[in-house]
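Residue numbers for the sequence shown follow this note's numbering, beginning at 527 and rising by one.
The beta carbon of each residue, even a glycine, is placed where N, CA and C say it ideally should be.
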Amino acid sequence: MTTKDQVSTPEQYEYKAEMKRLLHLIAHSLYTHPEVFLRELISNASDALNKVRIRALTDRDFEGRSESHRIEIVADKDAGKLRVSDNGIGMTREDLVDRLGTVASSGTLQFLEQVQSSGDAVDAQLIGQFGVGFYAAFMVADEIEVETRAAGDDSVGYRWSTTGEGTFTVEEIERDEIGTTVTLHLTEDHAGFAEEYRVREIIKKYSNFVPFPIFVGGVQVNKVQPLWRKKKDDIGDKELEEFYKFVANDYASPLGHLHLELEGRVNMRALLFVPSSAPPDLFRDDQHRGLHLYSNNVFIQDDNRDLLPDYLRFVRGVVDTDDLPLNVSREVTQASPVMSQISTVLTGKILGLLEGWSASEPETFDKFTEQFGSMFKTGVASDFSNKERIVGLLRYESTRTLPGE
Ligand code: ADP
Ligand code: MG
């Protein structure tokens, strides 16, 4: 198949065996909530836009400085196609082969196979927690095409495409714009996702807090403004819950939350949540997610693990500080004394929240202990300065277990 703007013959690549199994599972075993595929595509677009925004802030010569960063969705009902475009960082040929052609985490496949062999229906909402990401689109599509061009003067455009059955192809194309367009050829069963109203509904449900405008048929759908910058009293319960679901990739309500506005030694705002249940891979280090970090309202990282000690790794949310420079690399962030100050403050506040539960909300505290107690306990050995407080919170558990346990 040749098209007008194709400038090389497509090169074919074979998926690894593991990837083939994963694709098969996604296409044939996930039935409930197939709409989460859109959240995954939008989240990738948003990641790509964040990268380009950080680059624009730190590199004066960067060509994409003046672009307005956005996500655009076109639903073509007649053709049964859905197209998600961003003017983000784009992908090189290597990115297409390495990043799009392989599964990020082998734990994902293991998990999906385990659940499947247990005979239970696998809920697609779990996908968000296991990072299948891009390939979630195979729940609703039988062909995916990606056209992209990476940021950089001398970059070229590529088209990547696959039907998910064993191979994918990459070919060079003419493309002027930096960024990525993902086109899904929807299956007959899921042709409904090419309806604009449907797409808007899904965005409102899952992607309302994405920090870039999302346009559907030319109309902006999401809110964009950061919730944690609002005054506490101005935030409704529903908004808070929606935000939690967005930031934690969860579908259940959180067990509780903290909204902090601090000025003084450290200046920051934070919106932190304790989920209502632990992910099955809580103890796996490579699945450790971390908090979203913003500096002066500009997104820096979505998985910062230095903001909280390891034993509080189940906490989800956002920290926005005025005290970090914008052009921070991960390494600089990690070494900054601001980070350890923030971590000390957040840890104290979270312990305070838990102490409050243990004193006056026994049911909530019970749930916490049941879900996260085993992880939390490890803090006794790792956090000297808070040892007493942690032990204080474990005593509650031991009064409820049998003597001698
Ligand atoms: P994750 O987002 O967790 O890394 P995904 O499966 O969702 O996993 O995406 C895999 C990779 O593909 C991303 O890490 C990124 O490198 C690349 N990618 C996907 N979509 C885009 C996009 N719109 N722009 C740039 N890169 C993308
Ligand atoms: Mg992703």
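Inter-residue spacing [alpha-carbon to alpha-carbon] between R842 and V773
Here residue 842 corresponds to residue number 316 of the sequence shown, with the count starting at 1. Here residue 773 corresponds to residue number 247 of the sequence shown, with the count starting at 1. Straight-line Cα distance between these residues: approximately 7 Å.
What's the C-alpha gap between F741 and I599?
Translated into the one-based positions of the sequence shown, residue 741 becomes position 215. Translated into the one-based positions of the sequence shown, residue 599 becomes position 73. About 6 Å.
Starting from L905, trace the alpha helix (DSSP H) in both directions and tell me its first and last residue.
Looking up residue 905 in the sequence shown gives position 379. Correcting the residue type first, residue 905 is Gly in the shown sequence and not Leu. Its alpha helix (DSSP H) spans residues G905 to S908.
Just the Cα atoms here: how many angstroms apart are L635 and D829?
As a working note, residue 635 is residue 109 in the sequence shown. As a working note, residue 829 is residue 303 in the sequence shown. Their backbone Cα atoms lie some 22 Å apart in a straight line.
Distance CB(M865)-CB(T859) smaller than 8 Å:
Residue mapping note: residue 865 aligns to position 339 of the sequence shown, counting from 1. Residue mapping note: residue 859 aligns to position 333 of the sequence shown, counting from 1. Going by C-beta atoms, M865 is nearer than 8 Å to T859.
Taking 8 Å as the cut-off, does the segment 795 to 809 touch the segment 772 to 786 (at least 3 CB pairs, one atom from each stretch)?
yes
Beta bridge counterpart(s) of L819 as assigned by DSSP
Within the sequence shown, the letter at position 293 stands for residue 819. L819 is bridged to Q827 and V845.
Where do the N-terminal and C-terminal ends of the alpha helix (DSSP H) with Q867 fall, by residue?
Counting from one through the sequence shown, the residue named residue 867 turns up at place 341. Segment P863 to S886, the alpha helix (DSSP H) holding Q867.
Please classify S733 as buried or exposed, where buried requires at least 16 other C-beta atoms within 10 Å of its C-beta.
Position 207 of the sequence shown, counting from 1, holds the residue named residue 733. Label assigned to S733: buried.
Please report the Cβ distance between L626 and F660, rounded to the nearest whole angstrom; I am assuming they are in contact, meaning their Cβ atoms lie under 8 Å.
As a first step, residue 626 must be located in the sequence shown, where it is residue number 100. As a first step, residue 660 must be located in the sequence shown, where it is residue number 134. Rounded, the Cβ-Cβ distance is 6 Å, consistent with contact.
Answer yes or no: do D836 and S911 have a C-beta to C-beta separation smaller than 8 Å?
Taking the sequence shown and counting its residues from 1, one reaches residue 836 at position 310. Taking the sequence shown and counting its residues from 1, one reaches residue 911 at position 385. Not closer than 8 Å, so no.
Which of helix, strand or coil DSSP assigns to D602:
Residue numbering aside, residue 602 sits at position 76 when the sequence shown is read from its first letter. Strand.
If I measure Cβ to Cβ from K758 and keep anything under 6 Å in the same chain, skipping five residues before and after, which residues do I get?
Taking the sequence shown and counting its residues from 1, one reaches residue 758 at position 232. The residues are H785.
Contacts around R565, its chain only, beta-carbon distance under 6 Å, and the 5 residues preceding and following it disregarded:
For the purposes of this step, residue 565 is identified with residue 39 of the sequence shown, where counting begins at 1. Around R565: Y732 and S733.
My assumption, with CB atoms under 8 Å, is that A677 sits in contact with R791. Please give the rounded CB distance.
On the sequence shown, position 151 is the one that residue 677 refers to. On the sequence shown, position 265 is the one that residue 791 refers to. Going by Cβ atoms, the distance from A677 to R791 rounds to 38 Å, so no, they are not a contact pair.
Burial state of Q827, where buried means 16 or more other Cβ atoms lie within 10 Å
Working through the sequence shown from its first residue, we reach residue 827 at position 301. It is buried - the Cβ of Q827 has at least 16 other Cβ atoms within 10 Å.
For D913, is the classification buried or exposed, using 16 other Cβ atoms within 10 angstroms of its Cβ as the cut-off for buried?
Walking along the sequence shown from the start, residue 913 turns up at place 387. Strictly speaking, residue 913 in this sequence is Lys, with Asp absent from that position. Answer is exposed; the Cβ neighbour count stays below 16.
Sufficient close CB pairs (3 or more, under 8 Å) joining the segment 547 to 564 to the segment 717 to 736:
yes
DSSP three-state assignment for T890, whether helix, strand or coil:
Locating residue 890 in the sequence shown gives position 364, where the first residue counts as 1. In the structure shown, T890 sits in a helix (DSSP, three-state: H, G or I).
Please state whether the Cβ-Cβ distance between V871 and W754 is less than 8 Å.
Counting from one through the sequence shown, the residue named residue 871 turns up at place 345. Counting from one through the sequence shown, the residue named residue 754 turns up at place 228. For V871 and W754, no; Cβs fall outside 8 Å.
Based on Cα-Cα distance, which residue from I916, T904 and S534 lies nearest to E700?
Numbered from its first residue, the sequence shown carries residue 700 at position 174. Of I916, T904 and S534, the residue nearest in Cα terms is S534.
Please go through the same chain and pick out, in chain order, the residues whose beta-carbon is closer than 6 Å to the beta-carbon of F891, but skip the five residues on each side of it.
Numbered from 1 along the sequence shown, position 365 holds the residue referred to as residue 891. W883 and S884, listed in sequence order.
Between the alpha carbons of T688 and S886, how many angstroms are there, rounded?
The residue given as residue 688 occupies position 162 in the sequence shown. The residue given as residue 886 occupies position 360 in the sequence shown. Going by the C-alpha atoms only, they are around 55 Å apart.
Y539: first and last residue of the uninterrupted alpha helix (DSSP H) it sits in:
As a first step, residue 539 must be located in the sequence shown, where it is residue number 13. From DSSP, Y539 is part of no alpha helix (DSSP H) but of the beta strand (DSSP E) over E537 to E540.
With the cut-off set at 8 Å, would you say T706 and V672 are in Cβ contact?
Along the sequence shown, one-based indexing puts residue 706 at 180. Along the sequence shown, one-based indexing puts residue 672 at 146. Result yes, Cβ atoms of T706 and V672 sit closer than 8 Å.
Can you check DSSP and say which residues form a bridge with G782?
By one-based count along the sequence shown, residue 782 stands at place 256. Answer by DSSP bridge pairing, in chain order: V800.
Could you give the first and the last residue of the continuous beta strand (DSSP E) run that contains K607?
For the purposes of this step, residue 607 is taken as residue 81 along the sequence shown, with counting starting at 1. Run containing K607: K607 to D612, per the beta strand (DSSP E) assignment.
Since Y684 sits in a beta bridge, which residues does DSSP pair it with?
Working through the sequence shown from its first residue, we reach residue 684 at position 158. DSSP, once it has assigned bridges, lists T674 and E698 as partnering Y684.
Does the ligand MG have even one heavy atom less than 7 Å from the beta-carbon of F660?
Locating residue 660 in the sequence shown gives position 134, where the first residue counts as 1. Yes, Cβ of F660 sits closer than 7 Å to a heavy atom of the ligand MG.
Under a three-way DSSP split, which group does M527 fall into?
Mapped onto the sequence shown, residue 527 falls at position 1. Unreliable placement is indicated for M527, whose pLDDT of 47 sits below 50; no coordinate value is reported for it.
Residue from D846, G878, D832 and L877 whose Cα sits closest to the Cα of S869:
Translated into the one-based positions of the sequence shown, residue 869 becomes position 343. Closest by alpha carbon: D832.
Relative to the C-alpha of V696, which candidate in P752, F898, K875 and D621 has its C-alpha closest?
Residue 696 sits at position 170 when you count from the first residue of the sequence shown. Here the closest residue by C-alpha is D621.
Close-in-space but distant-in-sequence residues of the same chain around L575 (CB under 6 Å, 5 per side omitted)
Your numbering for residue 575 matches position 49 in the sequence shown. Cβ neighbours of L575 beyond the five flanking positions: H595, D612, G614 and F738.
Tell me whether T528 is buried or exposed, calling it buried when 16 or more other Cβ atoms sit within 10 Å of its Cβ.
The residue labelled residue 528 in the question sits at position 2 within the sequence shown. Low confidence applies to T528: its pLDDT is 45, below 50, so where it sits in the model is not reliable enough to give any reading.
Quick check on the DSSP output: what are the complete alpha helix (DSSP H) runs of length 4 or more inside the segment 689 to 750, in order along the chain?
722 to 732
Are L808 and H783 touching if we call contact CB-CB under 8 Å?
Against the sequence shown, residue 808 aligns to sequence position 282. Against the sequence shown, residue 783 aligns to sequence position 257. Cβ atoms of L808 and H783: not closer than 8 Å.
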